[in-house]
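>
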Amino acid sequence: MKKARRSILFTFDYELFLGSRSGSVSKCLIEPTGLLLDLFEKYKIKGAIFFVDTTYLLRLKSESDTAAKADYVKIIDQLKLICEKGHFIFPHIHPHWADAQYVESANYWSLTDFSKYRFHHVFPELREELFSQSVNLLKEIVDTCSVKFPVNAYRAGGWSLQPFEDFKPSFEKHHISHEFSVVPGFKNLSDAQYFDFSKCPDKVIYKFDSDPTKETENGVYTEYTISTIEISKKLYWKNKIWLKYLWKTGQRSMGDGVSLVIKDKELSKGRKEMLGSANREMISIELLNLMKLREYRIFLEKNPYMHFISHPKMISLHNLKTFERFLKHAISKYILITDFNQLR
Ligand SMILES: [Zn+2]
Numbered sequence: 001m002k003k004a005r006r007s008i009l010f011t012f013d014y015e016l017f018l019g020s021r022s023g024s025v026s027k028c029l030i031e032p033t034g035l036l037l038d039l040f041e042k043y044k045i046k047g048a049i050f051f052v053d054t055t056y057l058l059r060l061k062s063e064s065d066t067a068a069k070a071d072y073v074k075i076i077d078q079l080k081l082i083c084e085k086g087h088f089i090f091p092h093i094h095p096h097w098a099d100a101q102y103v104e105s106a107n108y109w110s111l112t113d114f115s116k117y118r119f120h121h122v123f124p125e126l127r128e129e130l131f132s133q134s135v136n137l138l139k140e141i142v143d144t145c146s147v148k149f150p151v152n153a154y155r156a157g158g159w160s161l162q163p164f165e166d167f168k169p170s171f172e173k174h175h176i177s178h179e180f181s182v183v184p185g186f187k188n189l190s191d192a193q194y195f196d197f198s199k200c201p202d203k204v205i206y207k208f209d210s211d212p213t214k215e216t217e218n219g220v221y222t223e224y225t226i227s228t229i230e231i232s233k234k235l236y237w238k239n240k241i242w243l244k245y246l247w248k249t250g251q252r253s254m255g256d257g258v259s260l261v262i263k264d265k266e267l268s269k270g271r272k273e274m275l276g277s278a279n280r281e282m283i284s285i286e287l288l289n290l291m292k293l294r295e296y297r298i299f300l301e302k303n304p305y306m307h308f309i310s311h312p313k314m315i316s317l318h319n320l321k322t323f324e325r326f327l328k329h330a331i332s333k334y335i336l337i338t339d340f341n342q343l344r
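Mapping to the working numbering: the sequence shown position 252 is 252, numbers consecutive.
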């Protein structure tokens, strides 16, 4: 029997923790990403996308401390390896890195000022400068690799892509034509993260011009929406118990930092609203464990398109093992298309 085709996008936010302790480069980036690259190589998967927190790299580059300099070199080497192995690196901007404090004695960063979390809260002239520096940094890396591709895609930090007018001039200037931030049905209106994707076209991939939640026929930009999966009440509780077990047996995320915690009334409200649609969650390697494997397989059976959003820093060895089982199953049953350039 002929195998059916399935489009699966494996996308990653390549970043440290964005809270009071960033965690280390080796635990949050190098080690988990290395394991992911090995897995993709083993199953001959190409076209994974790593959205690189370029604002962090720009800060790191400007630091004169030797440990920070060594971190920078390690990251650049891994980004080159990612490209050589047939995957992509594209920018992912978290502007509040501008206010990060470097803790030299322990070689980590502290991000407690999130007033510039949104691109919207950065002065317009600075936005374009930040965007240009981000794109140029990645272009320089790609230029040194044997595999070439245009740096023409983007994912906004914290999914905060709205209002799109903030980004449009930079998208135009740098010929960014592929966008990966929209999570249909999700919404979070806080001072920091700010996005409203509650009303989106009834399509997983569509064109747009000035509003990423409104389809424009022949629009300049292509939106590749992030996939979400329904979690039943029963699975929710089963998962909660399973997570407790994993935690107690030390099967935790590889990253060693602390996530952004904002004690802000507006954000809590935003979180609640996000949780309001909470029988759904994003499809993600760090959320995939043994309890959810069956649901992920069913999702792939029912949907021709599946867009994973994952964070190396959040992934545990258990997640990776389960993801490998998912991959094996997917490859045995379907012809997989994993390069976004082949999807239209
Ligand atoms: Zn991010």
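Cβ coordinates follow ideal geometry from the N, Cα and C atoms, glycine included.
1. Spell out the partners DSSP gives ILE89 in its beta bridges.
2. Going along the chain, which residues of its own chain have a beta-carbon closer than 8 Å to the beta-carbon of GLN251, five neighbours each way excluded?
3. For the stretch 203-251, which segments carrying the alpha helix (DSSP H) assignment without a break, of at least 4 residues, lie completely within its bounds, in sequence order?
4. What's the gap between the Cα of GLU273 and the Cα of GLY185?
5. Roughly how many angstroms separate the alpha carbons of GLU63 and LEU57, rounded to a whole number?
6. Excluding the 5 residues preceding and the 5 following ASP77 in the sequence, name in chain order all residues of the same chain whose CB lies nearer than 8 Å to its CB.
7. Between which residues of its own chain and LYS238 is the CB-CB distance below 7 Å, once the five residues before and five after are set aside?
8. Ignore the nearest five residues each way along the sequence and tell me which others in LYS3's own chain have a CB closer than 8 Å to its CB.
9. Quick check on DSSP: helix, strand or coil for ALA153?
10. According to DSSP, simplified to helix, strand and coil, what is ASN188?
11. By DSSP's criteria, ASP196 is part of a beta bridge. Which residues make up the other side?
12. Secondary structure at ILE283, three-state DSSP: helix, strand or coil?
13. Comparing alpha-carbon positions, which option in GLN162, ASP143 and SER227 lies nearest SER284?
14. Counting along the chain, where does the alpha helix (DSSP H) carrying GLN78 start and finish?
15. Going by DSSP, what residues sit across from THR351 in a beta bridge?
16. Leaving aside the five residues before and after ALA67 along the sequence, list all residues of the same chain whose C-beta is less than 6 Å from its C-beta, in chain order.
17. Go ahead and label VAL25 buried or exposed: buried means 16 or more other beta carbons lie within 10 angstroms of its beta carbon, across all protein chains shown.
18. Within the same chain, show all residues whose beta-carbon is closer than 8 Å to that of GLU215, passing over the 5 residues directly before and after it, in chain order.
19. Have a look at ASP264 and SER146 and give me their C-alpha separation to the nearest angstrom.
Reading off the structure:
1. PHE50
2. SER316, LEU317 and HIS318
3. 233-248
4. Confidence at GLU273 is low in this model, with a pLDDT of 47, below 50, so the placement of that residue is unreliable and no value is reported for it.
5. 10 Å
6. none
7. MET291
8. LYS333, TYR334 and ILE335
9. strand
10. strand
11. LYS187
12. coil
13. SER227
14. 66-84
15. Any question about residue 351 goes unanswered here, given that the chain covers just 1 to 344.
16. ASN107
17. buried
18. PRO201, LYS203, TYR206, LYS207 and PHE208
19. Because the pLDDT at ASP264 is just 47, under 50, the model does not fix this residue reliably, and the point stays unresolved.
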